[in-house]
Structures are given as C-alpha cells and as structure tokens.
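Numbering (my numbering), first residue to last: 80 to 522. By construction, the Cβ of each residue, glycine as well, lies at the ideal position given by its N, Cα and C atoms. Quick caveat, the model's predicted, so the values are computed rather than measured. This report concerns only the one structure given below.
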Ligand SMILES: *Cc1c(COP(=O)(O)O)cnc(C)c1O
C-alpha cells in the first residue's frame, strides 16, 4: 500500500468528507476497446425498453403520455446558488438537475435498471415457451398465457429499499411471484407499499451485503427462480446505461453543446455502484472525454471509493476500516461495492466525493425552497461535489478541467424522492432547517 493510500484510508476511516481523484483514469479512445461491454449492448437494452413500451403504457397509465418510455426531465438549477448556506453559491458554469426522483412508477433511478432486468427475464421466458412467435406487439405480455407462465416463476431481490420497489412493482405487474429481502436501512413506507402491491417482503436486521447473501441463497435453493444480483448484474447495468442515450437527446433539444471546452460534469450518488456505473459507462460511450463523472457517497458508506482506491473492489468493505455503514441516505447504505462495476470504472471515472449526513438534510431544504421539489437524502448528495471539484487544483489538472469551469455544465443527478410520503419528507426538512439555523446562528 502506498503512503497516499494510507492517508486516504485514515481520512475515510475518520468519516472526513473528501474528494478523491482517480489515478487510473485514461483517455477514452485508449480504453474503449478494452471494456467488457459495448455501445451495441446499450443499444440492445434501449431497443428492449422500446419493445416493451406499448405494454408499459397500457399497464401503467401514468406512462401513457410518453408512450411507455420511462424517462426524467433535466431542469435548470441555477437557483440552488441562492439558498441560505448553499454549497453551490460560488460554483461557476451552468447548474442542471436530472430528475430521476420523478421517474414514473418507481420514483427513483432504479426504474431503468430494475425494470430492464425484469423485462429481459420475462422476454427470455416467453421466448423459450414459444409465446413470442405469434404476437403482434408486446401488449400481449399483459394477456393470460403470459401471466400463466410468469405465475409459475419467482423473482427474488435484495434491497435497501428502492431496488426492491422497482423490481417488486414490475414483477408483480407481470404476474411473477416476487420476494424482496429488505436490509435494516429500508424505510417502513417502502415495505408497506410493496406489500400492498402483492410483493412478499422479508425484513432483515442486517445491512445490505448480508441481505444480498440471504436472497442469493434462497434463490439457489428454489426452482424456477431468478435472483436479481445487484452486486453483479450486467442487465441492471445496461438498463441504467440507457439513460445516457436519452440524455444525449435532451441536451440536443435544449441546444446545450458538450465538447472538450464545454465539459459536461455529472455527479452521481453511489451505493453498490450499478446505477452510477451504468450511467457513466453510457455517457462515456456517447461523449468520450468531454464528459466527466464523479460519484458521491456518504462518509459512513464510501464502499466504491474504498474498493477502487485500494484496488480490492468487492474484496473490501467499509466495516474493514472501522466504519459502521449507517447513514440517513438509505439508497446509498452499502458497505461492500459491486463485484464488477469498480473494475469497469477504473479507467473512466474522474473521482469520488464523500458527504456527511447532516449536509444531506440541509440540501433537502435548499432544493425544496428553491425548486419546490421533495428529494430523498440520497438524491441530494450530488449538491456537495461541484464546489469540491472547483476548489481542488490537482483534481482539475488531472482531469483536464483547468480554465474550463466557466463553460461547464454541471449535472446533479437527483436519484429519488417523488414517492416519499409527505410526513416523512417533512421530518427531514425540519431537521435540515434546524441545522441551517444553528449554522447561521454561530456565524
Ligand atoms: C440505489 C440508489 C442509488 C445508487 O445506485 P447503486 O446502483 O446502488 O449505486 C442512488 N440514489 C438512490 C435514491 C438510490 O435508490
């Protein structure tokens, strides 16, 4: 272990908020051919979601207006600079917010990956049964022969909450038996909502990694069962990556230029790594070196940063350096990173940033007051990264960003929140407001 790695580990262990610069990033042209997945894989995932769009529009009326395409808006977020105590006050360039918080049906970033994997599995089963040959379009997936087929099949997933919502809702809608193993972090309302949708919910007192082991084991013992393995799923990853193709279109529509001198800097909240990793992989395919991706994790659960910085990836967890993996950002409460994402990210990612829980509640207040949006704590973590990047001369130099920030497009990926019950949000808001007041009282 190098000296600087030793210092980094100590800072992480002390739960100090920090920005880590990834030393292994390379020019995209030199790594494109060496990546384990390709642009064609993303196109195939995108085409699959397109095939299922008529089905989705039919069974989820809230997606009818977009013809069954489940996508979120990006909105201007410059107003966030005005919030009291805002971490963005001095950040130059344009601020945008990507509202995965408002993705229909699942209410989080998990909609793309989770739905994609369930639909891919359903499509394979139908194909094997010979059901695809005769149908006109995929609305047939709502018909009796398909439902009969899926009713003999089980889907299992482990979750800190949002992945369970995404997999549970879609699986139940298709007629699968579905069982969600929830870690201790999962919020009560998410469990209730799933049970109401006919999903079996098993509650664990343990953290996420343990819930994954339980779920995987249960699936291994069962017949006709598919385990959605968040720690090691290319189907989830590619579903997430589709976001990049859609973002490319949105930028064109808004006439926003992205090139070497107008960098797109994307800040992605990270748990096990699948969602931010898939999106980064997709964005790199589309924008190459003009896009810069930075992950954001809680100071108590920086599993991806730890795995990448040590090169140990899935073989190290935050508990190994004495952290507790306890955070109010339930979507990011993951102690051990994905088995493959960190390795794919090694030549692609600019770096990673960590954020303290208290800051998350403050940022929830800023977003509510300035943009009238209710986001969950995980989803606002990205708000703290731009200022850290701007203040770090070494980071800017290493990533080719010197003198480019005035033209930068900062995209803060807001990953969840629209389904959070009002009372739950109000509690977070009050906490954040109290923190803001106590900070300004001491100034
Ligand atoms: C799951 C989740 C993330 C991160 O996704 P991973 O695939 O776990 O890295 C970010 N934000 C929210 C709200 C989530 O639910």
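Query	Result
Check whether residue 503 and residue 175 have beta carbons under 8 Å apart	no
Residue 100 versus residue 430: straight-line alpha-carbon distance, rounded	4 Å
Beta-carbon contacts of residue 406 that lie in its chain and below 7 Å, excluding the five residues immediately before and after	377, 379, 380, 412 and 436
Distance between residue 468 and residue 248 (C-alpha atoms, nearest Å)	38 Å
beta-carbon residue 404 near ligand 1 non-hydrogen atom, thresh 7 Å	no
Contact the region 297 to 305 vs the region 391 to 409: 3+ CB pairs below 8 Å	no
Closest residue to residue 157 among 171, 233 and 164 (Cα-Cα distance)	171
Beta strand (DSSP E) segment containing residue 433, residue limits	430 to 434
Meets three-Cβ-pair contact criterion under 8 Å: the region 132 to 140 and the region 216 to 229	yes
When 184, 133 and 442 are compared against residue 523, the one with the closest alpha-carbon	In this structure the chain extends from 80 to 522, so residue 523 is not present and cannot be described.
Outcome for residue 401 when other beta-carbon atoms lying within 10 angstroms are tallied against a minimum of 16	exposed
Contacts around residue 258, its chain only, beta-carbon distance under 6 Å, and the 5 residues preceding and following it disregarded	235 and 279
Assigned exposure category for residue 404 - 16 Cβ within 10 Å defines buried	buried
Which residues DSSP lists as bridging residue 173, in chain order	488
Length of the line joining the Cα atoms of residue 261 and residue 281	6 Å
Burial state of residue 518 (16 or more Cβ within 10 Å)	exposed
Endpoints, alpha helix (DSSP H) assigned at residue 202	189 to 207
Buried or exposed (CB count within 10 angstroms, at least 16 for buried), residue 356	buried
Continuous alpha helix (DSSP H) stretch holding residue 230: start and end	223 to 230
Pick from 350, 228 and 149 that is closest to residue 133, judged by C-alpha positions	149
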